[in-house]
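K.L.:
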Amino acid sequence: MKTISAWLLWLWVSLVILGAFYYAPPAEGFQGGSSRILFFHVPMAWASFAGFIAASVWSIRYLMTRDLRHDRAAEVAIQLGLVFGVLATVTGAIWARIEWGAYWNWDPRQTSILISLLFYGAYLALRGAVEDPEKRARLSAAYAILGLVVTPFLYWIMPRLTFSLHPEPVVNAEGKPKMQSEILQVLMASGIGFTALFFWLHNLQTRVQALAERKSAAREQGYGA
Amino acid sequence: MLQATSVLAKPSAWGSAEGWAAEVIAVFVKDWRCEFRTRYALNTLALFALTTMVVMSISLGPIGIDRTRGTKVLPVLLWVILLFSVSAGLPRAFIQEEESQTATALRLSATPSALFCGKLLYCLTLVGALELLVTPVFVTLMNLEVISPALLVGTLAAGGYGLAVGSTLVAAIIAQARTKGTLFSVLAFPVLLPLLLLAVELTFNAVAGGGGGVALPQLLLYDASVTVVGLMLFPVVWNP
Amino acid sequence: MELSGGNTGVVVVNLIIWTGIFLWLLRLNRRIKEMERES
């Protein structure tokens, strides 16, 4: 990532931080200024899901090309997706505590992101259980694609179920259609910033892993010679 | 066993619809022949399911769950029993191939799609047998009143199919990894979760009275999607 | 524009944390480039 674009990212996110507190008004019906946490919590969730989609795309590309670089890209995307997902869940729980009084409410979105985290964990567990790089890439790619097919069902089912099976309908009052334009602008800007950050981190991590693999391969060859 | 494999080894059997169907049946027959020798999967499924149900019945009985709460909780318990029994008994379909090293023979002789369908059929019959055992016992033990039995049967069929197809694919994946037992549950649960949610919702409707609603088409769509994805991914998972 | 009392502190802390992370990532980027040039 070129230094100029990096510094542009710095500027962008800094403006988002300023905008979150000075430009966007606090949302109605929320406790004090706590609604501002959404500017960071929501984009992190978006970045996490972007990671899942990216990993699935890279998995498909791996299966078509058998190029292990795609496999590495997929793995890193899931790793980062997990990190961002955990952060999103934690910030969400903090906000839920402030807003609704409890850290966990089985709100549809809370549950959906938790299940996504289970998926990421399962994918990484699978990778940990296979040693051969090509077999590992093949199997985890298949699992990622299976996950991609299955997750949309959760998004259709979840909102319905938590209203019919659970007595207290805790509504996630994000009120998207009613969002004020300033709030929406900062939210979108933050989304862009976090996604850019995600892909920068992805780029760095894939290169680190590539170097590490090259080093251990070189070491093994040294012993073999 | 020998007769079954000889069908698979016939080159003339490949590349034709009858040949493909013969392969599927051959795999299915082989798996059941092996199963009848040891009855391992059947025993595991039955014992696991019965033990769980007895435990549930004892712990719920004395507490005496009242009618309204019972109808909410019991559908969940039914599907928990089915899920856990399946996790205990189904993965062997592929693990035993790898462990007894018959997997290599299968890789050489069987068409992947036929193998997948054969194994799927085998798993389907196992799940069907499991449901046949569990449902009457469960309804009796828990004193469950079912308002629309037709919907219950339909849900068990569609939900059971979903369990089978998802488990078959995940079993194929983990059979080639280490730590197969626990890994199956870890991988299968997120995949099967939408299925379970839909099945529980529909079972609840069957018990409390309420139609299939929008959940039934979604369940059927899930089954179809996983089948298609399974058919596409299985050759990738199976062949090196 | 809203400027409630506690906000300035929070904003400053956030900017410091973000700038710190950012500079660390820049350094990481530089180090990775060097290692890639070596191998």
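Residue numbers (this note's numbering), protein chains in the order written: chain A, 1 to 225; chain B, 226 to 465; chain C, 466 to 504. Just so you know, even glycine gets a beta-carbon here, dropped at the ideal spot from N, CA and C. For clarity, every value in this text was computed on a predicted model and none was experimentally measured.
1) I want to see whether chain B comes within less than 8 Å of G147 of chain A, judged by CB atoms only; does it?
2) State the Cα-Cα distance for the pair A247 of chain B and V301 of chain B, rounded to the nearest angstrom.
3) Does the count of Cβ pairs from the segment 480-489 of chain C and the segment 7-23 of chain A closer than 8 Å reach three?
4) What would DSSP say about L211 of chain A, mapped onto helix, strand or coil?
5) Kindly list the residues whose CB is nearer than 6 Å to the CB of T269 of chain B, restricted to its own chain and excluding five residues on each side of it in sequence; keep chain order.
6) Do three or more CB pairs link the segment 337-350 of chain B to the segment 393-406 of chain B at distances below 8 Å?
7) DSSP three-state label for T365 of chain B, please.
8) For the segment 114-128 of chain A and the segment 352-361 of chain B, state whether three or more C-beta atom pairs, one from each stretch, are separated by less than 8 Å.
9) For a cutoff of 8 Å on Cβ pairs, would you count I497 of chain C as touching chain A?
10) Beta carbon of F459 of chain B, beta carbon of P316 of chain B: below 8 Å?
11) Measuring only the C-alpha atoms, how far is Y120 of chain A from Q79 of chain A?
12) Quick one, are the C-beta atoms of L82 of chain A and V462 of chain B less than 8 Å apart?
13) Need the endpoints of the alpha helix (DSSP H) that I398 of chain B sits in, please.
14) So, is the C-beta of A14 of chain A closer than 8 Å to a C-beta in chain C?
15) Establish whether the CB of W10 of chain A and some CB of chain D are separated by less than 8 Å.
16) Can A122 of chain A and P419 of chain B be called in contact, C-beta distance under 8 Å?
17) Using a Cβ-Cβ distance cut-off of 8 Å, determine whether A144 of chain A contacts chain C.
18) Kindly list the residues whose CB is nearer than 6 Å to the CB of Q58 of chain A, restricted to its own chain and excluding five residues on each side of it in sequence; keep chain order.
19) With the cut-off set at 8 Å, would you say L423 of chain B and L444 of chain B are in Cβ contact?
20) Is DSSP giving P25 of chain A helix, strand or coil here?
21) Quick one: is R138 of chain A near chain B, going by C-beta distance under 8 Å?
22) Can you tell me the Cα-Cα spacing of T91 of chain A and S373 of chain B, whole angstroms?
23) Please check the pair K135 of chain A and Q401 of chain B, which I expect to be a contact at CB under 8 Å, by giving their CB distance rounded to whole angstroms.
24) So if I threshold CB-CB distances at 7 Å, which residues from the segment 115-131 of chain A count as touching chain B?
25) Going by alpha carbons, who is nearest to M244 of chain A out of A:A142, A:W95 and A:A47?
26) From the DSSP output, in three-state form, read off S241 of chain B for me.
27) Kindly say whether Q401 of chain B, judged by its beta-carbon, lies nearer than 8 Å to any beta-carbon of chain A.
28) Assuming L357 of chain B and S310 of chain B are in contact, meaning their beta carbons sit under 8 Å apart, how far apart are those beta carbons, in whole angstroms?
29) Mind checking whether A24 of chain A and V186 of chain A have CB atoms under 8 Å apart?
30) Kindly list the residues whose CB is nearer than 7 Å to the CB of A144 of chain A, restricted to its own chain and excluding five residues on each side of it in sequence; keep chain order.
31) Determine whether the Cβ of L366 of chain B lies closer than 8 Å to any Cβ atom of chain A.
32) Thinking C-beta only, is A440 of chain B closer than 8 Å to L427 of chain B?
33) State the DSSP-derived secondary structure class of R332 of chain B, mapped to helix, strand or coil.
34) List the endpoints of the continuous alpha helix (DSSP H) containing Y447 of chain B.
35) Using a Cβ-Cβ cut-off of 6 Å (strictly less than) and excluding sequence neighbours within five positions of P43 of chain A, which residues of its own chain qualify?
36) Measuring CA to CA, which of B:A382, B:T329, B:E324 and B:S334 is closest to L307 of chain B?
P.N.:
This is what the structure holds:
1) In terms of beta-carbon proximity, G147 of chain A lines the interface with chain B, with at least one pair separated by less than 8 Å.
2) In a straight line, the C-alpha of A247 of chain B is about 39 Å away from that of V301 of chain B.
3) As far as the Cβ criterion goes, the segment 480-489 of chain C touches the segment 7-23 of chain A, which means the pair count is three or higher.
4) Residue state, collapsed to three classes: helix.
5) So the list reads A313 and G314, once near-sequence residues are dropped.
6) Contact between the segment 337-350 of chain B and the segment 393-406 of chain B is present, because at least three Cβ pairs lie under 8 Å.
7) If DSSP states are grouped into helix, strand and coil, T365 of chain B belongs with the helices.
8) The answer is no - the segment 352-361 of chain B does not touch the segment 114-128 of chain A, with fewer than three Cβ pairs under 8 Å.
9) I497 of chain C counts as touching chain A.
10) Cβ atoms of F459 of chain B and P316 of chain B: not closer than 8 Å.
11) Straight-line Cα distance between these residues: approximately 7 Å.
12) No, the Cβ-Cβ distance between L82 of chain A and V462 of chain B is not below 8 Å.
13) Start and end: P374 to I399.
14) The residue you asked about is not Ala; residue 14 of chain A is Ser in the sequence shown. So yes, S14 of chain A belongs to the interface.
15) Among the chains of the structure shown, chain D does not appear; the protein chains present are A, B and C.
16) Result no, Cβ atoms of A122 of chain A and P419 of chain B do not sit closer than 8 Å.
17) No, A144 of chain A does not count as interfacial toward chain C.
18) Note that residue 58 of chain A is Trp in the sequence shown, not Gln. H70, A73 and A74.
19) A distance below 8 Å separates the beta carbons of L423 of chain B and L444 of chain B.
20) In the structure shown, P25 of chain A falls within a coil segment according to DSSP collapsed to helix, strand and coil.
21) Interface residue, yes.
22) Using only the alpha carbons, I get a separation of about 44 Å.
23) Under the criterion of beta carbons closer than 8 Å, K135 of chain A and Q401 of chain B qualify as touching, at roughly 6 Å.
24) The segment 115-131 of chain A vs chain B, Cβ under 7 Å: I115, L118, F119, A122, A125, L126, A129 and V130.
25) Residue 244 of chain A lies beyond the residue range present for chain A, which begins at 1 and ends at 225; the question has no answer from this structure.
26) DSSP places S241 of chain B in coil when its eight states are reduced to three.
27) Closer than 8 Å to some Cβ of chain A, the Cβ of Q401 of chain B qualifies, so yes.
28) Taking the Cβ atoms as the reference, L357 of chain B lies roughly 12 Å from S310 of chain B, outside the contact range of under 8 Å.
29) Their beta carbons are under 8 Å apart, which means A24 of chain A touches V186 of chain A by this criterion.
30) Cβ neighbours of A144 of chain A beyond the five flanking positions: A55, S56, S59, A74 and Y123.
31) Not one beta carbon of chain A lies nearer than 8 Å to the beta carbon of L366 of chain B.
32) In this structure, the beta-carbon distance from L427 of chain B to A440 of chain B falls below 8 Å.
33) Here R332 of chain B sits in helix by DSSP.
34) Looking at the DSSP string, the run of the alpha helix (DSSP H) that includes Y447 of chain B is A440 to W463.
35) Around P43 of chain A: S190, G191 and F194.
36) Residue B:A382 holds the alpha-carbon nearest to the alpha-carbon of L307 of chain B among B:A382, B:T329, B:E324 and B:S334.
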